[in-house]
Amino acid sequence: MQREVSAWRAALLSLVILALFLGGWELALQGAGQGGGPALDPEYAALLGQAAATGGQTPMPKPSEIGRRLFQLLSDPFYIRGPNDQGIGIQIAWSLGRVLLGFGIAALVAIPLGFVIGMSPLLNAALNPFIQVLRPVSPLAWMPLALFTIQDSSISAVFVIFICSIWPMLLNTAFGVSAVRREWLNVARTLEAGTWRTAFRVILPAAAPTILTGMRISIGIAWLVIVAAEMLVGGTGIGYWVWNQWNNLSIADICIAILMIGLVGLALDRLLGLAARAVAWNE
Amino acid sequence: MQREVSAWRAALLSLVILALFLGGWELALQGAGQGGGPALDPEYAALLGQAAATGGQTPMPKPSEIGRRLFQLLSDPFYIRGPNDQGIGIQIAWSLGRVLLGFGIAALVAIPLGFVIGMSPLLNAALNPFIQVLRPVSPLAWMPLALFTIQDSSISAVFVIFICSIWPMLLNTAFGVSAVRREWLNVARTLEAGTWRTAFRVILPAAAPTILTGMRISIGIAWLVIVAAEMLVGGTGIGYWVWNQWNNLSIADICIAILMIGLVGLALDRLLGLAARAVAWNE
Amino acid sequence: REAMAQPATPEKRDLRIGFIAITCATPIIMADPMGFYRKHGLNVEVIRTAGWAVIRDRAIAREFDAAHMLAPMPLAMSLGVGVASPQPWAVAAIENVNGQAITLANKHRDKRNPANWRGMRFAVPFDFSIHNYLLRAYVAEAGLDPDRDIQIRSVPPPEMVANLRAENIDGFLGPDPFNQRAVFDGVGFIHLLTKTLWDGHPCCAFAVPASMPREMPGTFAALMRAIVEATAYSNAPANRREVAAAIAGPNYLNQPQTVIEQVLTGTFADGLGQVQRVPDRVGFQPFPYHSMAIWILTQMRRWGQLTREVDYAAVANQVFLALDAGRAMRELGLEVPADTMRRERILGRDFDPAQPDAYLASFAIRR
Amino acid sequence: MPEGSLPKEKTVVTRPYVQVEGIARRYGPTTVFENVWFGVNRGEFVCLVGHSGCGKTTILNILAGLDAPSEGVVLADGREIAGPSLQHAVIFQGHALVPWMTAEQNVAFALGSKHRDWPRHRLAEAARAALAKVGLEGAAGRKPSELSGGMKQRVGIARAFAITPKMMLMDEPFSALDALTRGALQEEVSRLVTEAGQTAFMITHDVDEAILLSDRILLMTNGPRARVAEVVVNTLPKPRVRATLHHQPGYHALRDHIMDFLITRSRTLAGAPPDGYDPRRPPEVII
Amino acid sequence: MPEGSLPKEKTVVTRPYVQVEGIARRYGPTTVFENVWFGVNRGEFVCLVGHSGCGKTTILNILAGLDAPSEGVVLADGREIAGPSLQHAVIFQGHALVPWMTAEQNVAFALGSKHRDWPRHRLAEAARAALAKVGLEGAAGRKPSELSGGMKQRVGIARAFAITPKMMLMDEPFSALDALTRGALQEEVSRLVTEAGQTAFMITHDVDEAILLSDRILLMTNGPRARVAEVVVNTLPKPRVRATLHHQPGYHALRDHIMDFLITRSRTLAGAPPDGYDPRRPPEVII
Ligand SMILES: Nc1ncnc2c1ncn2[C@@H]1O[C@H](COP(=O)(O)OP(=O)(O)OP(=O)(O)O)[C@@H](O)[C@H]1O
Ligand SMILES: Nc1ncnc2c1ncn2[C@@H]1O[C@H](COP(=O)(O)OP(=O)(O)OP(=O)(O)O)[C@@H](O)[C@H]1O
Ligand SMILES: [Mg+2]
Ligand SMILES: [Mg+2]
């Protein structure tokens, strides 16, 4: 098996696949919409305007239409026309802000706590059941509880992101700390390095890649959760935007939202990937 | 650092923490909701909820109330009284069914596809951008698109679970296959073992632990997504039940739902953990 | 428009009807436990659904044979507004008139004048809802631009109280029982009943695919009879408590029975310390006046949802099946209005359905 | 003795079994080794000794068909080696057992690759027989993780011998083992190779090991541009026994010669081949 | 020579620096070793040789204070060893450099642990000086992953010597290295220990290494219940040079004696100690 692949060839293949997919989609819809749906009363059809005159199935938008709409949205992403009508860039910024806040607080809690848990096998075993039970709970189940108890919707949204994204960081930090190579701890011990010196100069850097992996998983989950949180809280953000476009059934906009969510998620992941590379060590 | 911890001590500590938490919660709410508002017209008061009648807002339920409700729900988990009123056991069964279906289909697609991708560095590099962009997309963003294109809400729900849970399996299978130890492939080559023999007897078992890890992440995500999917599709399932209890502002039921979702999620995770142990090999 | 002669037997007996768990759906829901569907030879499953967008999508996908919709939704869908392409659905009967309210958070007790609402956030159930149009008209009458001076969001009715409690919204113009529920939980008070804005306004509709009367006339007729009968039954003040008991349970509205009773009987706590007695707080009237549709269309034009000229009367005639509803009412011995057009008095202005353009032109605040 | 290995001639024929003809290996601008010529006769045991990085593993991989030379050819039995073959078994340094199969299954997997028509029970029997030959009757059902390092390597040896190859290729097979286990395994391999009359080619860092096992020892200079500097003929009488090897006359002289090469001459010879050095026929040294 | 190590006496005093008094190590019912007594004199270089699993690493960890014996005590300088100390530096088998620090930072970390008041630049200077002593001036800024195995181990050595401990403890420090590198490092360590007049205790599998470096060689029987079977006094004159060691008179006799022990007597002596064996004073052998 040959492991080296020229980046160019891969990129080319990516583009070919993309082109085939979009082309196929475009072609498949070519002439759709003229499809003979149930024959309509012509009098009725006349009322519906020309688009409706043919009736029938709701067509999927073509990629070209989506592209046009995307261009339109991206050509002025930061406009604000009243509280209900803001550019897609602003919506993404809102979502990002919420995610970063919730994720940031989660990191501030999870990393020190995970450190403590990782250092104590007893605490680790004792807290594990709680973590395991709380971890799989969906954001949409937390949200009502948060809205009810916190009584502040923007804090609730941040709380839901916090509670959903804390677990991977907590588990990974605890694991990373508990799995620090015995060898290095022995080095620190024979050097009579103190607790703090050992914690910050040996254990933390040793566990850093594992912690970063946890953070990477967490930010993925935080971003996954934002749409749910914003749909329920509403007002601003890409999740609310999706909700609005859904209420208006603008499929093109929903496709664009999916693309945007994917791209921003990818960017967040890459960013943490870079951070992970910065603290990575290899032997 | 001592690594051996008696399971008893850990369990005891777990229980102590739980007791402290629940006790604190119970005590904190002792007397809440009795906010001595102005004396009200008794006729008026009769029309209000207990808390509002005394001038407050409906408080958080106490753990003891939640416990009583939990007992009540679990004492008859499988009743069916009409399409919108079924026992919690049935709801969980519905959710499990959907998750297993969506997850099963995802596994059937992801594992062979991941195998092919893992064997070909070129394909791997070419498909990676798509996977990376689609992976962070939230179930709630997929849902409208699915409802629109599939035009069947129960298939849509399964599709959303499928699309959200496929990525970790795909990535892990591809990674596991591409990372099979060169040594073992060399053994197979020197033995002139054929392609299929190598694939099934060497690569698959070698990659199995990584694949199982992917499946474990995937089932976690599938279970995280079910609430979102069922909330929108409605009718049955624990997600719908949460939604329903939220409509009724029954915080006790939401807490129970969170607990149930957590426990079932934990059970699913443990099950795949057992499967992972069955295919694990160590050297 | 005259429907065809009715065969005696329904072509399709097993039907699925989607609904949202609000009191507006009372006739659709109570027809099930009280046996009206069965009586007319139908086997109906009523399915609770999470929100209006889901109702719409499942209706388009024909997962539902008929559905509980907001009265403006079939109009918008038929015109291709808010959907990717026109979906011919029709209002077979109106479910309820009145029965909505503006609920404000308790902290706004002193803000009873809408002119002081600048900057507040309100929820309505859906963009294409009478609630949206009434709230907009109401604040516009007070001189506020509903798009610039306040914020209006679509929130599924069941989430309104939780959002009000979390101070995520300052108030909502929403369907019952959630107005009453907000009072019941001590979260808000009823600012006004929509009855005072437009007495007899339509709210929710019983919607069917536009092709149903043609393709399944038997089923359609049976369904209409069941619904009209249930509507009439629900409307009788004497039956209201019985109906409340029938629909409060977890299979339907899943709310405390007292809340539903207060809504249906009109004897309710207003959240301000008063017990109000408004027996016609909600009414159940099946007849889909075309004038209602025309007013809705003028509002869709007013707020920029409908951007092209349409023949209001013709669309109303196509989408609001007044003749079919009238026939069913007549068969059941109910009084049928003579004219499908009715002059309305809305927010202190007279609305003449024959002069929609003049009406529209009279507003200062519009898109 | 299994039938497959009976009709082997033990006499050294004129044409060597393996002929390495002027192979070189280059990675971009760096040449690991070049102009390497040597032969391995039928039934002969050849050891290759040299410092780390001189390309020993690469040469062995080329002989095994797992790698290809940048220049030159390798002939086995007169035909060019085009890829891995069941005729040439490899014993890897890291035992390379697949850890999810038991010892028996590991051997049976190899046997099944050779004898595709054998039923499962026949494979299992043959695998147990092969394990018995290396003294592992009792461990057939254990997974590699339940075996000690020495036992693992024994299973690797059983696997290689089970398919009765014409040539055994071994890349530092014992270097990860402790001295005691190493000694036992050296004797095992020596016995098996002799019994089957096989050709063997082994890489080692351990001079005692080379002396114990080999008929000839190829000494390589340091890389880059490594060469076969000389070929030491091991004239110590066979069979040799590890426990008494160091008491055998001639042992110390042989060992000291090789040690000297490793410590100094491997380095000094690296740059400058001595006069009259012909890479096609590296000097043979008999001590 | 650094000031810290100047006032060391080079003569062997009556009381050994380290006294191991009857230690044993048990895991549940199994006894790895028991009744182990020996001493290491000031400035002496002692090697411990024995087969895998006889408990060598455990003994070294006990000397380092990283582990505690199940029975018996170890005195250093007359006081019981209670835990790790800066006085006893350990060179680990796997170098144990932390991979996220450069070579210089690794050494500076050790120095900073000893000299808590030194400013950063002084630590860096001292670290570079320590690296220069092992010939790594140029590699100070490189991370362990950018260093060869030998260089990594050199950094480990520099780190251990930088804190000028009274005793060096080494657990097979060179076993992962190839022969050439190993030789160079052996000479390095020998020089540094001699220069600083340090006491040294080293575990090794390599008989040549033990002969090259040690003053005395402790031979352990196989486990379980391993013992120190005998102590071989290495009388080969110092300084010894690796390249010529095998030409030194007495070398072959010494090596053969140890080889014999490893190959046969370590096993035969394991069960039954010979008559008159006193674990408190294992027989000293001078060849
Ligand atoms: N893919 C590669 N690219 C560049 N150089 C390589 C590559 N693979 C191996 N080398 C170089 O080829 C040389 C020979 O490697 P090889 O593994 O054959 O050495 P060796 O003699 O077996 O060493 P050792 O005794 O350590 O096993 C090494 O110097 C190595 O750095
Ligand atoms: N935690 C433990 N529980 C049980 N037995 C143990 C434990 N740790 C070590 N042992 C046993 O103690 C014995 C001595 O181990 P040690 O690592 O000291 O041996 P060694 O002589 O250093 O071996 P090697 O030469 O392989 O390094 C081994 O047989 C090992 O199996
Ligand atoms: Mg090699
Ligand atoms: Mg050891």
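Residue numbers (my numbering), protein chains in the order written: chain X, 11 to 293; chain U, 11 to 293; chain C, 55 to 421; chain W, 1405 to 1691; chain Y, 1405 to 1691. Beta carbons are placed, not taken as given, at the ideal position from N, Cα and C, and that holds for glycine.
Taking a C-beta cut-off of 9 angstroms against chain X, the contacting residues of the stretch 1458-1484 of chain Y are 1465, 1468, 1469 and 1470, listed in chain order. At a cut-off of 7 angstroms, the beta-carbon of residue 1460(W) counts as near ligand 1: some heavy atom of the ligand is closer than that. Here the distance from the Cβ of residue 187(X) to the nearest heavy atom of ligand 1 is not below 7 angstroms.
Following the DSSP letters along the chain, one finds residue 264(X) inside the alpha helix (DSSP H) bounded by residues 261-289.
Secondary structure note for residue 1493(W): its beta strand (DSSP E) is the uninterrupted segment 1492-1495.
Chain-order list of chain W residues neighbouring residue 119(U): empty, with the shortest C-beta distance near 25 angstroms, by a criterion of under 8 angstroms. Near chain U, meaning a CB-to-CB distance below 9 angstroms, the residues of the stretch 247-271 of chain X are 248, 249, 252, 253, 255, 256, 259, 261, 264, 265, 267, 268, 269 and 271. Interface annotation, residue 104(U): not in contact with chain X, CB-CB separation never under 8 angstroms. Taking the CA atoms as reference points, residue 1634(Y) sits about 16 angstroms from residue 1657(Y).
It is roughly 22 angstroms from the alpha-carbon of residue 82(U) to the alpha-carbon of residue 245(U).
Nearest CB-CB separation between residue 200(X) and chain U: not below the 8 angstroms threshold.
Within its own chain, the residues whose Cβ lies closer than 6 angstroms to the Cβ of residue 186(U), once the five positions on either side in sequence are excluded, are 217, 220 and 221, listed in chain order. Short note on residue 1454(Y): C-beta closer than 7 angstroms to some heavy atom of ligand 2. Under the three-pair Cβ rule at 8 angstroms, the stretch 248-262 of chain X does not count as touching the stretch 132-151 of chain X. Between residue 256(C) and residue 151(C), the CB-CB gap stays under 8 angstroms. Residue 126(U) and residue 176(U) have their C-alpha atoms roughly 15 angstroms apart. Contacts between residue 1422(Y) and chain X, judged by CB atoms closer than 7 angstroms, are missing: the closest CB pair is about 15 angstroms apart. Relative to ligand 3, even the nearest heavy atom lies 7 angstroms or more away from the CB of residue 1679(W).
For residue 287(X), not one C-beta of chain Y is nearer than 8 angstroms to its own C-beta.
A Cβ-Cβ distance of about 5 angstroms is found for the pair residue 276(U) and residue 142(X), placing them in contact under the 8 angstroms criterion. For residue 1664(W), the uninterrupted alpha helix (DSSP H) run begins and ends at 1655-1664, by DSSP.
Between residue 55(U) and the set 392(C), 239(C) and 403(C), the nearest pair of CA atoms involves 239(C). Between ligand 1 and the CB of residue 197(U), the shortest heavy atom gap is not smaller than 7 angstroms. In the same chain as residue 1620(W), and ignoring 5 residues on each side of it, the C-beta atoms closer than 6 angstroms to its own belong to 1450, 1635 and 1637, in chain order. In terms of CA proximity to residue 106(X), 273(X) leads the group 273(X), 288(X), 290(X) and 184(X). Distances from the CB of residue 1575(W) to the heavy atoms of ligand 3 include at least one below 7 angstroms. Taking non-hydrogen atoms of ligand 1 into account, the C-beta of residue 1436(W) is found less than 7 angstroms away from one of them. Neighbourhood of residue 217(C) in chain X, by CB distance below 9 angstroms: 157, 163, 242, 243 and 244, in chain order. When beta bridges are read from the DSSP output, residue 1483(W) appears opposite 1480(W). In the structure shown, residue 185(C) falls within a helical segment according to DSSP collapsed to helix, strand and coil. Inclusion of residue 1497(W) and residue 1548(W) in the CB contact set at 8 angstroms is not warranted, their separation being larger than that value.
For residue 1458(Y), the secondary structure class from DSSP, reduced to helix, strand or coil, is coil. Residues of the stretch 198-231 of chain X with a Cβ closer than 9 angstroms to any Cβ of chain Y, in chain order: 198, 199, 200, 201, 202, 203, 204, 207, 211, 212, 215, 216 and 218. The alpha-carbon separation between residue 1607(Y) and residue 1537(Y) amounts to approximately 23 angstroms. In this structure, the CA atom of residue 1572(Y) is about 16 angstroms from the CA atom of residue 1424(Y). Taking 7 angstroms as the cut-off, the C-beta of residue 1457(Y) counts as close to a heavy atom of ligand 2.
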